[in-house]
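**Student:** Quick one: the structure is below, questions incoming.
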Amino acid sequence: MITPKTVLIVDDSRLSRMIIKALILEKYPDWIMLEAINGDQTISMMDSIPEPDLITLDVNMPGMDGLSLVTTIRNHWASVPIVVITANVQGSVSRKCAELKVGFVEKPIDAATIDKALTFME
Amino acid sequence: MFVLNELQQDTLLEIFNIGVGKAAAALSKMTAEEVLLSVPTLEFLEWEEARQHLPCEGKIICGISQRFEGPFTTEAVLMFPEDKTIEFIRYILQVDSLFAQLTEMEQEGLCEIGNIILNACMAPIADIFSAEFHATMPEFRMGTSEHVLSFDAAQANRVIMLMLVKLQLEKRETEGYLAFLSVLPDMQRLSANIDRFISELQK
Amino acid sequence: MNSELFLAALVVQEAQMGLMVLDPDANVVLFNEWLAKAAYLPEKEALGKNLLQLFPELKGTRLQSAVETSLQKGFPSLLSQSLNRTPLPLFGGAEEYNTGIRMEQLIHVIPLGGRGGQQRYCLVQIANVSEAVRREKILTEQAKELRRNLITDGLTGIYSRRYWEEQALIEFRKARRDCSPVAMMMLDVDLFKYFNDEYGHQEGDLCLQRVAKAAANELKRPLDILARYGGEEFVALLPETNLEGAAVVSERILKSIQNLQIPNRKSNVAAYVTVSIGVAFGFPNQGDTHEIILSEADQALYAAKHLGRNRVVLCKDGIFLTPCNTIIDDPMPCKAIK
Chain A
1 MITPKTVLIV DDSRLSRMII KALILEKYPD WIMLEAINGD QTISMMDSIP
51 EPDLITLDVN MPGMDGLSLV TTIRNHWASV PIVVITANVQ GSVSRKCAEL
101 KVGFVEKPID AATIDKALTF ME
Chain B
1001 MFVLNELQQD TLLEIFNIGV GKAAAALSKM TAEEVLLSVP TLEFLEWEEA
1051 RQHLPCEGKI ICGISQRFEG PFTTEAVLMF PEDKTIEFIR YILQVDSLFA
1101 QLTEMEQEGL CEIGNIILNA CMAPIADIFS AEFHATMPEF RMGTSEHVLS
1151 FDAAQANRVI MLMLVKLQLE KRETEGYLAF LSVLPDMQRL SANIDRFISE
1201 LQK
Chain C
2001 MNSELFLAAL VVQEAQMGLM VLDPDANVVL FNEWLAKAAY LPEKEALGKN
2051 LLQLFPELKG TRLQSAVETS LQKGFPSLLS QSLNRTPLPL FGGAEEYNTG
2101 IRMEQLIHVI PLGGRGGQQR YCLVQIANVS EAVRREKILT EQAKELRRNL
2151 ITDGLTGIYS RRYWEEQALI EFRKARRDCS PVAMMMLDVD LFKYFNDEYG
2201 HQEGDLCLQR VAKAAANELK RPLDILARYG GEEFVALLPE TNLEGAAVVS
2251 ERILKSIQNL QIPNRKSNVA AYVTVSIGVA FGFPNQGDTH EIILSEADQA
2301 LYAAKHLGRN RVVLCKDGIF LTPCNTIIDD PMPCKAIK
């Protein structure tokens, strides 16, 4: 039996977390969904949870922005797959994601966006 | 006072976020610079309060505004402090910065820039609501933020919904705002539209 | 035809601006007389054609995307003359058509219909703003001339103090951003009062003009600004310059004014007109303001006067030095550094 995967969703928008969670569970009902509402909460969670199979990050959040959070996450979990799911679609953001070696997906979030996000798990 | 509930507000902010992201991309392309976005805020205020919550308080600002009427009505305004606006348009037009005043042609150029950015912002919002918005031509205004956001006495006794996001152009040391203003009577329609959107998502 | 509709059709034909309507597929369904005349294109040839077929150069332009936004989203667009100039091949008359000089255009793209499931059309409204552009250019030129008069000193032709102060603000802001040094020089003609008393004010004016010219000649870079600060006082702003660099330039200025050999009988310093120069520099990004650096240059000038005039004094970290002192390791002091 394949162990169900764990996904950590980081986004200050409750709606976004709801949608990402719902769309992933639609495809993979047995997967485990964890949520964090900002960078600080993510950091405090990192000590108490095992390494997830995928982390989704918003960029524009209060406190630490998503891209700065990547470095902090990588210090703890060097190779966890990370995908940025954001409305901030400027060239500079997608370039930074490429540099940081994390995925980049544009909001609005729908089935296609989620499919694309999940490819970054490989 | 009728306000949207937490989930509705969150949803509205997320929707605007997507528009703001596109607007920032358009501005970034124009200036060949990264645009730093603040986290947008959404507030419901009485008219008097709203006046105090407007950005760039007391400063003279330049704003380009368009009114969008559809599932809800909002006045969308792109604004920058006056001196930064002048520097900005002269940089785009590649002309000398000689006078302290904007020429008519420069004002027109600014109107167009505002138009590009505001349209870019509202387009995804219209898509998300799968609705038609009728929009006015961009209008240039200069003055205090009250004047630019056409905050007049007719709005008194009304509740204003104000959404603000700060835009920062680092290299040019410029910071401006995208503001969206809506008046209470539209809240009910907006609320219904948001609920419809959420329920569509949950299918 | 119904009389209201007929009237509306007349309005469109007689309007003194270009009116073109595109259908949902961007094909031309209305092309008024003004436009036909300006484009040198008969209405018959335009009707039914796609916008890009009629004007292939519009592909990928702002006008094309404005039309798309209008037809797909129902949002209006403004195409300013300043950002777009002449998007369509339109001409004011035969002469312009023959010489290929297009008219300057202000274009509004306006969505039509589209409500309640109706089909959406698009109105492209074009105004000829060539005349307005020309008028504005004239006004701009006049304003520039006025400003030139304001920013230069009437007597010497170098910059006025007012301009210097404006530019100093700009250069300091730049220097703060770039973390670069800014140097300032204060220059004063020695014993000028005696010169004036002895030779008269006309000669005095001439002397100042020659001194200013000699000093200006040594400030080779476009960013350097020399301005007349007061009667016989001049000030120079040297962006991206450190003390060594400023020292070299000020020594050159000193020599070039000595070389003018303008007789000054009443001077007890030399037989000719000389100047004293105070030099200071700082890093605006480290808190050295315009006022601080100017004050140090002023104090250095004062020191130069006290030490006997006809010399350069530098201010470094609150200590006064003459140029040869600053270059310790260089065996050939006071030669060009960079």
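Protein chains in written order, with this note's numbering: chain A, 1 to 122; chain B, 1001 to 1203; chain C, 2001 to 2338. Here a beta-carbon is modelled for each residue, glycine too, at the ideal position from N, C-alpha and C.
Cβ closer than 7 Å: which chain B residues qualify as neighbours of residue 90 of chain A?
**Tutor:** Result: 1024, 1025, 1028, 1034, 1035.
**Student:** Counting only runs of 3+ residues fully inside the region 2086 to 2129 of chain C, write out the beta strand (DSSP E) ranges in chain order.
**Tutor:** With a minimum length of 3 residues, the continuous beta strand (DSSP E) runs that stay inside the region 2086 to 2129 of chain C are 2105 to 2113, 2120 to 2128.
**Student:** What is the DSSP secondary structure of residue 1194 of chain B, reduced to helix, strand or coil?
**Tutor:** Looking at residue 1194 of chain B - three-state DSSP - the assignment turns out to be helix.
**Student:** Listed from N- to C-terminal order along the chain, which residues in the region 2089 to 2119 of chain C have their beta-carbon within a distance smaller than 9 Å of any beta-carbon of chain B?
**Tutor:** Listed by position along the chain: 2106, 2108, 2110, 2111, 2114, 2115, 2116.
**Student:** Can you list, in chain order, the residues of its chain whose CB lies under 6 Å from that of residue 2262 of chain C, leaving out five sequence neighbours each side?
**Tutor:** Here the set comprises 2207, 2272, 2273.
**Student:** Which whole-angstrom value describes the C-beta separation of residue 1023 of chain B and residue 1120 of chain B, a residue pair presumed to lie in contact below a C-beta threshold of 8 Å?
**Tutor:** Right, their Cβ atoms sit about 5 Å apart.
**Student:** Quick one: what's residue 2224 of chain C bridged to in DSSP?
**Tutor:** Answer by DSSP bridge pairing: none, since residue 2224 of chain C is not bridged.
**Student:** Just tell me which of B:1112, B:1078, B:1040 has its CA closest to the CA of residue 2082 of chain C.
**Tutor:** Comparing Cα positions, the closest option is B:1112.
**Student:** Do you know how far the Cα of residue 1076 of chain B is from the Cα of residue 2225 of chain C?
**Tutor:** Straight-line Cα distance between these residues: approximately 44 Å.
**Student:** Of all the options C:2287, C:2243, C:2265, C:2255, which has the alpha carbon lying nearest to the alpha carbon of residue 2297 of chain C?
**Tutor:** Of the listed residues, the one whose Cα sits closest to residue 2297 of chain C is C:2243.
**Student:** Going by beta-carbon coordinates alone, are residue 1117 of chain B and residue 1027 of chain B separated by less than 7 Å?
**Tutor:** Yes, they are a contact pair.
**Student:** Taking one C-beta from the region 2132 to 2152 of chain C and one from the region 1090 to 1107 of chain B each time, how about it: are there three or more such pairs within less than 8 Å?
**Tutor:** Touching, yes, given that three or more Cβ pairs across the two stretches are closer than 8 Å.
**Student:** By alpha-carbon positions, which one of B:1123, B:1158, B:1007 ends up nearest to residue 2066 of chain C?
**Tutor:** Out of B:1123, B:1158, B:1007, B:1123 has the C-alpha closest to the C-alpha of residue 2066 of chain C.
**Student:** Could you name the residues of the region 2 to 15 of chain A whose beta carbon sits closer than 8 Å to any beta carbon of chain B, in the order they occur along the chain?
**Tutor:** Of all residues in the region 2 to 15 of chain A, 12, 13, 14, 15 have a Cβ within less than 8 Å of some Cβ in chain B.
**Student:** Cβ of residue 1005 of chain B less than 7 Å from any chain A Cβ?
**Tutor:** With 7 Å as the cut-off, residue 1005 of chain B does not count as an interface residue toward chain A.
**Student:** Just reading off the alpha helix (DSSP H) that residue 106 of chain A is part of, what are its end residues?
**Tutor:** Unbroken run through residue 106 of chain A is the beta strand (DSSP E), 103 to 106; no alpha helix (DSSP H).
**Student:** In this structure, does DSSP put residue 2211 of chain C in helix, strand or coil?
**Tutor:** Three-state result, residue 2211 of chain C: helix.
**Student:** With a CB to CB cut of under 6 Å and the five nearest residues on each side skipped, what residues in its chain are close to residue 2345 of chain C?
**Tutor:** Residue 2345 of chain C falls outside the range modelled here, since chain C spans only 2001 to 2338, and no answer is possible.
**Student:** Quick one, which residues of the region 1102 to 1113 of chain B are near chain C if we go by CB-CB under 9 Å, in chain order?
**Tutor:** Listed in sequence order: 1103, 1104, 1105, 1106, 1107, 1108, 1109, 1110, 1111, 1112, 1113.
**Student:** Show which residues of chain B have a CB atom less than 7 Å away from the CB atom of residue 117 of chain A.
**Tutor:** Result: empty, since nearest Cβ-Cβ is about 16 Å, beyond 7 Å.
**Student:** I need the boundaries of the beta strand (DSSP E) containing residue 2 of chain A, first residue and last residue.
**Tutor:** It is not in any beta strand (DSSP E) - residue 2 of chain A carries neither H nor E in the DSSP assignment.
**Student:** Under 8 Å by Cβ, that's how I've got residue 1046 of chain B and residue 1159 of chain B pegged, so tell me the actual separation to the nearest angstrom.
**Tutor:** The pair is a contact, with the Cβ atoms about 6 Å apart (cut-off 8 Å).
**Student:** Give me the Cα-Cα distance between residue 2015 of chain C and residue 1129 of chain B, rounded to the nearest whole angstrom.
**Tutor:** Spanning the two alpha carbons is a distance of roughly 38 Å.
**Student:** Name the DSSP beta bridge partners of residue 2188 of chain C, please?
**Tutor:** Beta-bridge pairing links residue 2188 of chain C to C:2233, C:2276.
**Student:** Considering only C-alpha positions, which residue in the set B:1137, B:1192, B:1145, B:1195 is nearest to residue 1181 of chain B?
**Tutor:** Checking every option, the nearest Cα to that of residue 1181 of chain B belongs to B:1145.
**Student:** Is any beta-carbon of chain B found at less than 7 Å from that of residue 2073 of chain C?
**Tutor:** Chain B, which has a Cβ nearer than 7 Å to the Cβ of residue 2073 of chain C, makes this yes.
**Student:** Using CA coordinates, which residue listed in C:2305, C:2304, C:2185, C:2199 is at the minimum distance from residue 2282 of chain C?
**Tutor:** Checked all of C:2305, C:2304, C:2185, C:2199; the closest Cα to residue 2282 of chain C is C:2185.
**Student:** Compile a chain-ordered list of the residues in the region 94 to 110 of chain A whose CB is closer than 7 Å to at least one CB of chain B.
**Tutor:** Cβ contacts with chain B come from 107, 108.
**Student:** Look at the alpha carbon of residue 2238 of chain C and the alpha carbon of residue 1149 of chain B, and state the distance between them as a whole number of angstroms.
**Tutor:** Roughly 43 Å between the two C-alpha positions.
**Student:** Is the beta carbon of residue 2104 of chain C less than 7 Å from the beta carbon of residue 2129 of chain C?
**Tutor:** For residue 2104 of chain C and residue 2129 of chain C, yes; Cβs fall inside 7 Å.
**Student:** For the candidate residues B:1134, B:1082, B:1061, B:1095, whose alpha-carbon lies nearest to that of residue 2137 of chain C?
**Tutor:** For residue 2137 of chain C, the nearest C-alpha among the options comes from B:1095.
**Student:** Could you please give the first and the last residue of the uninterrupted alpha helix (DSSP H) stretch that includes residue 1030 of chain B?
**Tutor:** From DSSP, the alpha helix (DSSP H) with residue 1030 of chain B extends over 1006 to 1031.
**Student:** Taking all protein chains shown into account, do 16 or more other C-beta atoms lie within 10 angstroms of the C-beta of residue 1200 of chain B, making it buried, or fewer, making it exposed?
**Tutor:** With fewer than 16 other Cβ atoms within 10 Å, it is exposed.
**Student:** Can a CB atom of chain A be found closer than 7 Å to the CB of residue 1057 of chain B?
**Tutor:** False, the Cβ-Cβ gap to chain A never drops below 7 Å.
**Student:** State the CB to CB distance for the pair residue 2256 of chain C and residue 2214 of chain C, rounded to an integer number of angstroms; the pair is presumed to be in contact (CB under 8 Å).
**Tutor:** Going by Cβ atoms, the distance from residue 2256 of chain C to residue 2214 of chain C rounds to 5 Å, so yes, they are a contact pair.
**Student:** Roughly how many angstroms separate the alpha carbons of residue 2307 of chain C and residue 2316 of chain C, rounded to a whole number?
**Tutor:** Each residue's alpha carbon lies about 17 Å from the other.
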